[in-house]
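Peer 1: Under full-length UniProt numbering, read the sequence shown as residues 1 to 500, first letter to last. Glycine included, each C-beta is placed from N, C-alpha and C at the ideal position.
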Amino acid sequence: MSWHTKTIAELSKSLHSKEVSSQELANYFLARIAESKELNAFVDVNVEQTLLQAKAADAQLADGSATKLTGVPLAHKDIFVTKHWKTTAGSKILNNYISPFDAHVVAELGVGRAGMVCLGKVNMDEFAMGSSNESAYAGPTKNPWDLARVPGGSSGGSAAAIAAGLAPASTGTDTGGSIRQPAAFCGITGIKPTYGRVSRYGMIAYASSLDQAGPMAKTAEDCAIMLNAMAGHDAKDSTSLERAKEDYTKALGKTWSGEPGLPLKGLRVGLPKEYFGDGLNADVRTAVDAAIEQLKKMGAECVSVSLPKTELSIPVYYVLAPAEASSNLSRFDGVRYGHRAAEYGDLTDMYKRSRSEGFGAEVKRRIMIGAYVLSHGYYDAYYLKAQRIRRIIAQDFQNAFDACDIIAGPVAPNVAGKLGEKVSDPTQMYLEDIYTLSPNLAGLPAMSVPCGFGDHGMPVGLQLIGNYFSEAALLQVAHAYQQETNWHQAQSPFAVKGGA
């Protein structure tokens, strides 16, 4: 049985019907992971712990206490602290660090709660700073569709693991597009919830006002099932929102209007003119246009909207995010945990040497930028001005939502590039985030849905953006689209040939 081609929903049915056990599934995926080292998706595997969790899941399945997710394997992005696996955040400075506790998301999804079984930790850009997975201390992950290309970042290991059939699902984090962009590049589905929907407790911070955890899987249905377990108030996170739990699967399969007929009749889809101008490659535009035509066939009405400050999202983000990072990463000083320089003169010298040796080039670049914009004489000129524009960007979205229910457009202006292609020019890499940064700055939910292929046979993602707390609506639309198309079912060459 090719279990790696199955969705979470399908695996859940097989587990509950006793067609397969959790231990059998765990062993199946562990074997695929062991045979897929060249992809460099997984950075830590603990077979003993995985099988212990699978055994506990089988016990729950046997005694009737199982949930829909019990026994289903998953991977965790290396930014979530976990008890029995290393948590390095893709950095040398945390190499070999093992946390004494689980992140909230890890605990909620794990055995004892939702019941999922951890296969291990997956690769990522160092401290989630990057759009290609090339800043990872463990080396870059490769794209399962073409091993010469990047999987996107920073959740590149998560997306690649799913697209390669090494895990049916993974956790991810999104600070400026780090769930959506790798999901688009690898042909999977991923959603960034409203800021505060999912607890950040135990998620190593990059930019605290932007970071948000979310699920990555093959389908919108799978993401909805995972989000049911992940979302909810957490008293340990001061930014966690106190809202009642929702069932994100409730509207799946229902028509937008609630009446029989076309599935999306009555849905107003906003198309921002700024997302379809110069800079969007023709191959991506063709795939996204076809997806929008499909939404129309399903009954949706498309309206033109404007997000006039879109081009300012890049400078605003690259002022605010580095400013927060320079503060958050000050804790990594070689004193309590993490890398400490072997030789140093005094305490100050130890700080300098430990951080110089432990951080990679991109992290150092952003720390320096952040320290600069927060420094005396520049705080008002850069940081405060960026905060004001951030508020305007958020208002632009509210103005757009007066005319539409959701916003649709591309995730990235191009398909996945080649490894090493933009490493020497970080500005070019930053520009790839043009369509994904604004929702983070506004705190809005957004997702990527496979919608076709572009140049070199590489996947393209359709981005759907919703108003605050509209995750259920986004997932409903995405699921309806996936019921009418089969882009999400396409198997990467690596998934077809690799593994057990």
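#1: Put D125 into one of helix, strand or coil per three-state DSSP.
#2: Any idea what DSSP makes of N440, helix, strand or coil?
#3: H456 to E108, Cα distance in whole Å?
#4: Run the CB neighbour count on Y481, radius 10 Å, all protein chains shown included, and call it buried at 16 or more, exposed below.
#5: Flag this pair as touching only if the segment 210-221 and the segment 470-487 have three or more C-beta atom pairs under 8 Å; answer yes or no.
#6: Under the three-state reduction of DSSP, which class applies to M458: helix, strand or coil?
#7: Taking only runs that begin and end inside the segment 110-186, name each unbroken alpha helix (DSSP H) of 4 or more residues, in chain order.
#8: Along the beta strand (DSSP E) that carries G190, what are the first and last residues, could you check?
#9: Between which two residues does the alpha helix (DSSP H) carrying K55 extend?
#10: Helix, strand or coil: how does DSSP classify D405 here?
#11: Consult DSSP for G202 and reduce its assignment to one of helix, strand or coil.
#12: How is R268 classed by DSSP in three states: helix, strand or coil?
#13: Considering only residues of the same chain and omitting the five flanking positions on each side of I204, which have a CB-CB separation below 6 Å?
#14: Please work out which residues of its chain come closer than 6 Å, Cβ to Cβ, to E134, disregarding the five sequence neighbours upstream and downstream, and give them in chain order.
#15: Short of 7 Å in beta carbon distance, which residues of its chain neighbour V47, apart from the five on each side in sequence? Order them along the chain.
#16: In the DSSP output, which residue or residues are listed as bridge partners for S356?
#17: When you compare only the Cα positions, how much space is there between P429 and S91?
#18: Would you identify the three-state DSSP class for Q491, choosing helix, strand or coil?
#19: In the DSSP assignment, find the beta strand (DSSP E) that holds H84 and state where it starts and stops.
#20: Shortest alpha-carbon distance to A290 belongs to which of L39, M230, T485?
#21: Need the endpoints of the beta strand (DSSP E) that P450 sits in, please.
#22: Under the assumption that T175 contacts A224 (Cβ atoms under 8 Å), give the Cβ distance between them as a whole number of angstroms.
#23: Just the C-alpha distance for V122 and S14, rounded to the nearest angstrom, thanks.
#24: Just to check my reading of the structure: R32 and G165 have Cβ atoms closer than 8 Å, yes? What is that Cβ distance to the nearest angstrom?
#25: Looking only at its own chain, which residues have a Cβ that is under 6 Å from the Cβ of I369, when we skip the five neighbours before and after it?
#26: Report yes if the C-beta of K265 is less than 7 Å from at least one heavy atom of the ligand COA; otherwise report no.
#27: Give, in chain order, every unbroken run of the alpha helix (DSSP H) that is at least 4 residues long and sits entirely within the segment 370-432.
#28: Helix, strand or coil: how does DSSP classify P73 here?
#29: Would you identify the three-state DSSP class for V105, choosing helix, strand or coil?
#30: Return the CA-CA distance between W3 and A183, expressed in angstroms with no decimal places.
#31: Should the segment 406-421 be called in touch with the segment 141-150, which here means at least 3 C-beta pairs below 8 Å?
#32: Check whether the Cβ atoms of T436 and R268 lie closer than 8 Å to each other.
#33: So if DSSP puts A231 in a beta bridge, which residue, or which two residues, is it bridged to?
#34: How many angstroms separate the CA atom of G499 from the CA atom of G452?
#35: From the DSSP output, in three-state form, read off P322 for me.
#36: Under 8 Å: do the segment 273-284 and the segment 296-314 share three or more Cβ pairs, one atom per stretch?
Peer 2: Considering the structure as presented:
#1: Reading the sequence shown from its first residue, position 125 is the one you call residue 125. DSSP places D125 in coil when its eight states are reduced to three.
#2: Against the sequence shown, residue 440 aligns to sequence position 440. Helix, per DSSP.
#3: Against the sequence shown, residue 456 aligns to sequence position 456. Against the sequence shown, residue 108 aligns to sequence position 108. Their Cα atoms are separated by approximately 39 Å.
#4: To locate residue 481, count along the sequence shown from 1; it is residue 481. Y481 should be labelled buried.
#5: yes
#6: Position 458 of the sequence shown holds residue 458. The answer is coil: DSSP assigns M458 none of H, G, I, E or B.
#7: 156-163, 180-186
#8: The residue given as residue 190 occupies position 190 in the sequence shown. Taken as a continuous stretch (DSSP letters only), the beta strand (DSSP E) holding G190 covers 189-192.
#9: Residue 55 sits at position 55 when you count from the first residue of the sequence shown. Counting along the chain, the alpha helix (DSSP H) containing K55 begins and ends at 47-63.
#10: The residue labelled residue 405 in the question sits at position 405 within the sequence shown. In the structure shown, D405 sits in coil (DSSP, three-state: anything other than H, G, I, E or B).
#11: For the purposes of this step, residue 202 is taken as the residue at position 202 of the sequence shown. Correct three-state label for G202: coil.
#12: Counting from one through the sequence shown, the residue named residue 268 turns up at place 268. Residue state, collapsed to three classes: strand.
#13: Within the sequence shown, numbered from 1, the residue matching residue 204 stands at position 204. These residues qualify, in order along the chain: I79, A89.
#14: Looking up residue 134 in the sequence shown gives position 134. Within the same chain, E134 has close Cβ partners P140, V423.
#15: Position 47 of the sequence shown, counting from 1, holds the residue named residue 47. Cβ neighbours of V47 beyond the five flanking positions: L30.
#16: One-based indexing of the sequence shown puts residue 356 at position 356. Looking at the DSSP assignment, S356 forms no beta bridge with any residue, so it has no partner.
#17: Numbered from its first residue, the sequence shown carries residue 429 at position 429. Numbered from its first residue, the sequence shown carries residue 91 at position 91. What sits at residue 429 in the sequence shown is Met, not Pro. Distance between the alpha carbons of M429 and S91 is about 20 Å.
#18: On the sequence shown, position 491 is the one that residue 491 refers to. Q491 falls in the coil class under three-state DSSP.
#19: Stepping through the sequence shown from its first residue, residue 84 is reached at position 84. Premise fails: H84 is in no beta strand (DSSP E) and is neither H nor E.
#20: The residue given as residue 290 occupies position 290 in the sequence shown. Nearest option by C-alpha distance: T485.
#21: By one-based count along the sequence shown, residue 450 stands at place 450. Element bounds for P450: 446-453.
#22: Counting from one through the sequence shown, the residue named residue 175 turns up at place 175. Counting from one through the sequence shown, the residue named residue 224 turns up at place 224. Incorrect: roughly 23 Å between the Cβ atoms, too far for contact.
#23: As a first step, residue 122 is located in the sequence shown; it is residue number 122 there, counting from the start. As a first step, residue 14 is located in the sequence shown; it is residue number 14 there, counting from the start. Each residue's alpha carbon lies about 26 Å from the other.
#24: To locate residue 32, count along the sequence shown from 1; it is residue 32. To locate residue 165, count along the sequence shown from 1; it is residue 165. Indeed they touch by this definition, with Cβ atoms about 6 Å apart.
#25: In the sequence shown, counting from the first residue as 1, residue 369 sits at position 369. Excluding positions up to five away in sequence, the list reads P322.
#26: Looking for the ligand COA in the displayed structure turns up nothing, as the structure carries no ligands at all.
#27: 385-401, 426-431
#28: Here residue 73 corresponds to residue number 73 of the sequence shown, with the count starting at 1. Residue state, collapsed to three classes: strand.
#29: Start at 1 with the first residue of the sequence shown, and residue 105 comes out as number 105. Three-state DSSP puts V105 in a helix.
#30: Walking along the sequence shown from the start, residue 3 turns up at place 3. Walking along the sequence shown from the start, residue 183 turns up at place 183. Taking the straight line joining both Cα atoms gives about 21 Å.
#31: yes
#32: Taking the sequence shown and counting its residues from 1, one reaches residue 436 at position 436. Taking the sequence shown and counting its residues from 1, one reaches residue 268 at position 268. Not a contact, by the Cβ cut-off of 8 Å.
#33: As a position in the sequence shown, residue 231 is number 231, starting the count at 1. A231 pairs with V198.
#34: Counting from 1 along the sequence shown, the entry for residue 499 is found at position 499. Counting from 1 along the sequence shown, the entry for residue 452 is found at position 452. Low per-residue confidence applies at G499: pLDDT is 48, beneath 50, and the placement is therefore not dependable enough to give any value.
#35: Residue numbering aside, residue 322 sits at position 322 when the sequence shown is read from its first letter. P322 falls in the helix class under three-state DSSP.
#36: yes
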